[in-house]
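Data first, discussion second: the structure below is written as structure tokens.
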């Protein structure tokens, strides 16, 4: 009872409390959730084909349009596959880096690694994307490098693969994939390193002490305890890839992605309901992903 | 008989700090052995070297006669109960206990059976399905014990096993640990900074100070025959009388230790028993502890002796107040000469 009394707020105190809480609540409630709800609402309207005006009546026509047109399904599948590929690759690359940062690096090396991971994020996103287009271009640094390493054949072979290949790295899904992984890698490394740093050294010693070889300790102790960090990181890489429209429009093959579709529908096409419906897709996909992660026990160690 | 554990001139330094300075030690099979010392004395480093979490800079470590100096922890037949218990938070209690079997590829059913037996042994049979965070400190400690014992190690290492428990639980666990060790007959090596714990549980105690073993003896010998000033004050909270003061008091040019309960407290004029060493002093303070009282008496400007006085035996401390002049006396044989 004594504990509860401390938290019960009365009179003046309650007033100040409300005063302090109001701005963040307003921000979260109106600016954030409010606009999201309006967006959701828009997706249940439809556009009048003839006048191109939005009819503010509840209808599922827009969702029907979204889910029945093969071109739209293509866009969703394409974006989803890219997001999955980017997330898996980022996780595989980030894990050893994060493990080294968290467990093996000395204080100086660790600081250096943190700066190294975050430094690219301090540069403009657009500059990096356009730089990558130059790097990956037909006569860019990448192909120059392949040529001098005598690997031009391998590059040509990769680009000859149907669907993911193309005339150059800069205009293929392979190139787009590389840029996505590069862009979102820090968002995977940082939460992973944070999760790994929280694993007490004594747990690893206990595992070794009980007879586990290093590989077994990794599988049975390190990996399960890093899962929350892996989940957090993958939510970043997954959702950032699902929603991005700049990278697919600057680098890669001409196929559309969800973000580009949203951009186009709300802009030039003026079909706000369809744009809204498209932007609901990543929300649903991430929701499903989170449910799956929870089902698999990713948050058990929290 | 081959010793269960042998350390040969083992040295380990961290930068310029020498944690363990050429320590040699043998522990017999089935022994309950304590590494006692204040923090930073090298006792935990010693335990970590035996477990294999750390390697010595020089010297050798043998387990059951085999040199394991460079053997990784997972290949040593030694298990550890960690100070923070180090239970895996993402596993149930039963999974924690069965972990040692799981990494050895024992089948699931067999693992569950043995883990159940082990949990019964530490009286936690019904807690197998819980998570470690749902248990109390004492229960967690017993899970850590069961987990470390499931591989039937030759040697069980315990790092401050009772440090995190409250007094009552600590006393219970002392009895339980001792009983468990006798039933299983395996070698227990435990690290502690609590001299009471070391004296009550161990067969032999190595007292560490500044990376060296000050004295290695049975609890009784350590308490009654401390060899150095450090052991005398750390283990028995005995009075240590420096050489100069000793010469004045006894005429012998050697430091000695005398335990507070072996000093007689006499009023200023009261005669001492025949042949007793005597001296005069002034009471600095009096502390009442219930069953006994503890006084400090200043006998010269640099020496203050603690005197314990049992309430039941020698009467109380009425009449002895701070500032009053008293006489102290003890049998010469009770003063233990110390090494320099």
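Protein chains in written order, with the working numbering: chain A, 1 to 302; chain B, 303 to 642.
Idealized CB from N, CA, C, for every residue including glycine.
Test item: CB-CB of residue i and residue j under 8 Å
i, j, result
"residue 190/A", "residue 226/A", "no"
"residue 565/B", "residue 623/B", "no"
"residue 80/A", "residue 274/A", "no"
"residue 228/A", "residue 392/B", "no"
"residue 116/A", "residue 171/A", "no"
"residue 129/A", "residue 179/A", "yes"
"residue 501/B", "residue 521/B", "yes"
"residue 75/A", "residue 257/A", "yes"
"residue 329/B", "residue 489/B", "yes"
"residue 567/B", "residue 630/B", "yes"
"residue 496/B", "residue 507/B", "no"
"residue 311/B", "residue 360/B", "yes"
"residue 399/B", "residue 377/B", "no"
Neighbour-count burial assignment, residue i, 16 or more Cβ in a 10 Å radius
i, result
"residue 220/A", "buried"
"residue 233/A", "buried"
"residue 207/A", "buried"
"residue 72/A", "buried"
"residue 46/A", "buried"
"residue 316/B", "exposed"
"residue 477/B", "exposed"
"residue 5/A", "The pLDDT assigned to residue 5/A is 45, lower than 50, so where the model puts this residue is not dependable, and the model offers no usable value."
"residue 475/B", "buried"
"residue 298/A", "buried"
"residue 244/A", "buried"
"residue 481/B", "exposed"
Inter-residue Cα distance where the pair is residue i and residue j
i, j, result
"residue 203/A", "residue 432/B", "18 Å"
"residue 1/A", "residue 97/A", "Note on residue 1/A: pLDDT 39, under 50, position unreliable in the model; no value is reported."
"residue 440/B", "residue 209/A", "22 Å"
"residue 246/A", "residue 437/B", "52 Å"
"residue 355/B", "residue 375/B", "6 Å"
"residue 124/A", "residue 240/A", "16 Å"
"residue 309/B", "residue 384/B", "21 Å"
"residue 333/B", "residue 636/B", "30 Å"
"residue 576/B", "residue 536/B", "31 Å"
"residue 559/B", "residue 314/B", "32 Å"
"residue 682/B", "residue 235/A", "Outside the displayed span of chain B (303 to 642) sits residue 682/B, for which this structure offers no information."
"residue 3/A", "residue 405/B", "Any reading at residue 3/A must be qualified, since the residue scores a pLDDT of 43, below 50, and its modelled position is unreliable; no value is offered."
"residue 621/B", "residue 572/B", "13 Å"
"residue 349/B", "residue 486/B", "21 Å"
"residue 266/A", "residue 95/A", "38 Å"
"residue 13/A", "residue 22/A", "14 Å"
"residue 200/A", "residue 104/A", "13 Å"
"residue 638/B", "residue 574/B", "20 Å"
"residue 579/B", "residue 632/B", "5 Å"
"residue 611/B", "residue 369/B", "52 Å"
"residue 292/A", "residue 231/A", "10 Å"
Below-8 Å beta-carbon distance, residue i vs any chain B residue
i, result
"residue 224/A", "yes"
"residue 124/A", "no"
"residue 5/A", "Reliability of the predicted coordinates at residue 5/A is poor, the pLDDT of 45 falling under 50, and the value obtained from them is presented with this limitation in mind. Output row for residue 5/A: interface = no."
"residue 213/A", "yes"
"residue 1/A", "Confidence at residue 1/A is low in this model, with a pLDDT of 39, below 50, so the placement of that residue is unreliable and no value is reported for it."
"residue 203/A", "yes"
"residue 316/A", "The question about residue 316/A has no answer, for chain A in this structure spans 1 to 302."
"residue 194/A", "no"
"residue 206/A", "yes"
"residue 216/A", "yes"
"residue 200/A", "yes"
"residue 134/A", "no"
"residue 244/A", "no"
is_contact[residue i, chain A] using C-beta, thresh 8 Å
i, result
"residue 405/B", "yes"
"residue 382/B", "yes"
"residue 434/B", "no"
"residue 411/B", "no"
"residue 611/B", "no"
"residue 388/B", "yes"
Integer Cβ distance of residue i from residue j, believed to fall under 8 Å
i, j, result
"residue 389/B", "residue 446/B", "6 Å"
"residue 352/B", "residue 491/B", "7 Å"
"residue 547/B", "residue 604/B", "6 Å"
"residue 472/B", "residue 464/B", "5 Å"
"residue 345/B", "residue 542/B", "That belief does not hold up - the Cβ atoms of residue 345/B and residue 542/B are roughly 22 Å apart, past 8 Å."
"residue 601/B", "residue 581/B", "5 Å"
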